[in-house]
Amino acid sequence: MRVFDCKVPSCQPVIAELPTITEHLCQGCGEHFGRFKSYLAARGIQFQVNPRLVRGIDYYTRTTFEITSGRLGSQNTVAGGGRYDGLSEDLDGPPTKGFGFGMGLERLILSIPNTARIIPDYTPEYFVAPLGDEAFNRATLLARKLRSAGKRVYLDFDARSLKSQMRLADKLQAKSVIIIGEEELKSGTLLVRNMSTKEQRTIREEEL
21 MRVFDCKVPS
31 CQPVIAELPT
41 ITEHLCQGCG
51 EHFGRFKSYL
61 AARGIQFQVN
71 PRLVRGIDYY
81 TRTTFEITSG
91 RLGSQNTVAG
101 GGRYDGLSED
111 LDGPPTKGFG
121 FGMGLERLIL
131 SIPNTARIIP
141 DYTPEYFVAP
151 LGDEAFNRAT
161 LLARKLRSAG
171 KRVYLDFDAR
181 SLKSQMRLAD
191 KLQAKSVIII
201 GEEELKSGTL
211 LVRNMSTKEQ
221 RTIREEEL
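In this text, residue positions in the sequence shown follow the working numbering: the first is 21, and each later residue adds one.
The following block contains the structure:
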């Protein structure tokens with residue numbers, strides 16, 4: 021596998037002839053990768069699939085990644101990581117899904133524009149609570165739209181039950197919870213709950 025990471029010019033013709041991992045994904049892995057890419061696209065995150073990307077640790081499973089910045093020249097990698105669902109078991113722990121990354125602090129600082137401002141308060145104005153995969157897709161688009169409008173938004177990625185999401189929203193002191201379930205998908209509406217008054221109302225998205 022390390023040959024894919026070879027930077028020597030004479031390696032490149034050999035690498036170009038080797039099979040790529042994207043040509044040999046199992047069905048489950050292919051579906052997982054497809055969903056992952058659709059979530060990135062829905063959130064407006066630019067990405068490029070590199071089937072020859074090799075990370076330095078061999079216990080990664082499924083997706084690996086690198087985050088780059090156009091402000092850093094040739095040494096443009098800010099962070100890199102991936103999934104390692106089997107690592108806990110390899111260390112005699114219980115089956116546990118895993119994800120992690122490494123980041124260069126100096127590179128991160130250099131990649132931040134001088135005009136960037138720090139937001140001291142991240143109490144969510146909106147907690148978006150999707151119920152199901154289809155609802156999650158819509159929730160992702162809604163969260164992106166609200167953030168673009170300057171709103172502080174928390175989107176749950178863990179496919180929790182509504183009860184669990186409401187408990188988390190309360191813990192985060194979110195001002196409002198936007199619930200997107202089967203009925204909201206059918207009617208094109210949103211169910212909004214005011215966490216202070218506990219009042220709920222059904223609205224159309226443009227009314228937010």
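All C-beta atoms in this analysis are idealised placements derived from N, C-alpha and C, irrespective of residue type, glycine included.
For this session: Would you give the residue range spanned by the alpha helix (DSSP H) that residue 56 belongs to?
Result: 47-62
Problem set entry | beta-carbon residue 206 near the ligand GDP non-hydrogen atom, thresh 7 Å | This structure does not include the ligand GDP; it has no bound ligands of any sort.
Problem set entry | Per DSSP, the bridge partner or partners of residue 220 | 213
Exercise. For the stretch 100-111 against the stretch 59-68, are there 3 or more C-beta pairs whose distance is under 8 Å?
Worked result: The stretch 100-111 makes no contact with the stretch 59-68, as fewer than three CB pairs between them are under 8 Å.
Problem set entry | Nearest-angstrom Cβ-Cβ length linking residue 212 and residue 175, presumed shorter than 8 Å | That belief does not hold up - the Cβ atoms of residue 212 and residue 175 are roughly 15 Å apart, past 8 Å.
For this session: Could you pull out every residue in the same chain whose Cβ sits closer than 8 Å to the Cβ of residue 202, ignoring the five residues on either side in sequence?
Result: 151, 152 and 155
Exercise. Is DSSP giving residue 196 helix, strand or coil here?
Worked result: strand
For this session: Might you give, ordered along the chain, the residues of its own chain that have their beta carbon closer than 6 Å to the beta carbon of residue 23, omitting 5 neighbours on each side?
Result: If we look at residue 23 and ignore the five residues flanking it on each side, it has no Cβ neighbours.
Problem set entry | Endpoints, the beta strand (DSSP E) within which residue 103 is located | 97-103
Exercise. With a cut-off of 8 Å, do at least 3 Cβ pairs link the stretch 212-224 to the stretch 190-202?
Worked result: yes
For this session: Evaluate residue 179 with the Cβ neighbour count: other Cβ atoms within 10 Å of its Cβ, from every protein chain shown; 16 or more gives buried, anything less gives exposed.
Result: exposed
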